[in-house]
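Residues are numbered in my numbering as their position in the sequence shown, beginning at 1, plus a constant of 9. First comes the structure, then the notes that go with it.
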Amino acid sequence: MNTRYLLTIHENDIQQGKNSGFFDYHTSQLRFIVVIQLCKIFDNSSNQKRNVHKLFNRLINEKLDIMFNEKLKENQESDSAISSIDQMIKKVHILKDELENHSELIKKIVIGRNKIYAHTDPEFTRGEYSWAQLDILVDFSNRIYNEIYGGINNTNTLFKLNPGYSVAEILLKLRNSAST
């Protein structure tokens, strides 16, 4: 929410011919953070200690410990929680299929991370993926988290909400204090 709001302000400033060095810098930093974090989640390289590929493989292939099996047994009383190994494996396979559908976008982001942020490549342009495409993977990572962790623990986390914190309110207060 806050990132989208800042991007909207930045785009409006550009359309009005205003030079906003702060927003230029800030949006490039936001892009850097999002790209790096998405690569940590989705890159299937041996350099990543943890990622969704390794999580999915462990959930499908490894024998679960006693505490995990007890948690699944507890969940049998709930309609929304994962309550069996078969149900969890089915969910993981569905998410793996969707992950495969995003593979081209993930490749673009990994290349962008490697060529822009990890190593500077003067030939590479930043326009290989849009904010809307990054947002797709942010939403997908949120869904993976909620379907696996949330499904096991019968909970749901709304990552897009920032209760009690709004960039729009902060900028409005700054604008009002500057005019007085």
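Where a beta carbon is used, it is the ideal one built from N, C-alpha and C, also for glycine. All values reported here derive from a predicted model rather than from experimental measurement.
Check, Outcome
"Suppose the cutoff is 7 Å on Cβ atoms and the five residues either side in sequence are ignored; what does the same chain contact list for Leu73 look like?", "Ile94"
"Under the three-state reduction of DSSP, which class applies to Glu71: helix, strand or coil?", "coil"
"Are the CB atoms of Ile153 and Leu104 within a distance shorter than 8 Å?", "yes"
"Output the distance between the C-alpha atoms of Asp119 and Ser55, rounded to the nearest integer angstrom.", "The sequence given here has Val at residue 119, not Asp. Spanning the two alpha carbons is a distance of roughly 13 Å."
"Lys100 and Gly160: beta carbons closer than 8 Å?", "yes"
"In this structure, how does DSSP classify Tyr14 when only helix, strand and coil are distinguished?", "helix"
"What does the alpha-carbon distance come out to for the pair Ala141 and Glu20?", "14 Å"
"Can you tell me whether Tyr138 is buried or exposed, with buried defined as 16 or more other CB within 10 angstroms of its CB?", "buried"
"Of all the options Ile50, Leu68, Ile69 and Asn66, which has the alpha carbon lying nearest to the alpha carbon of Asn60?", "Ile50"
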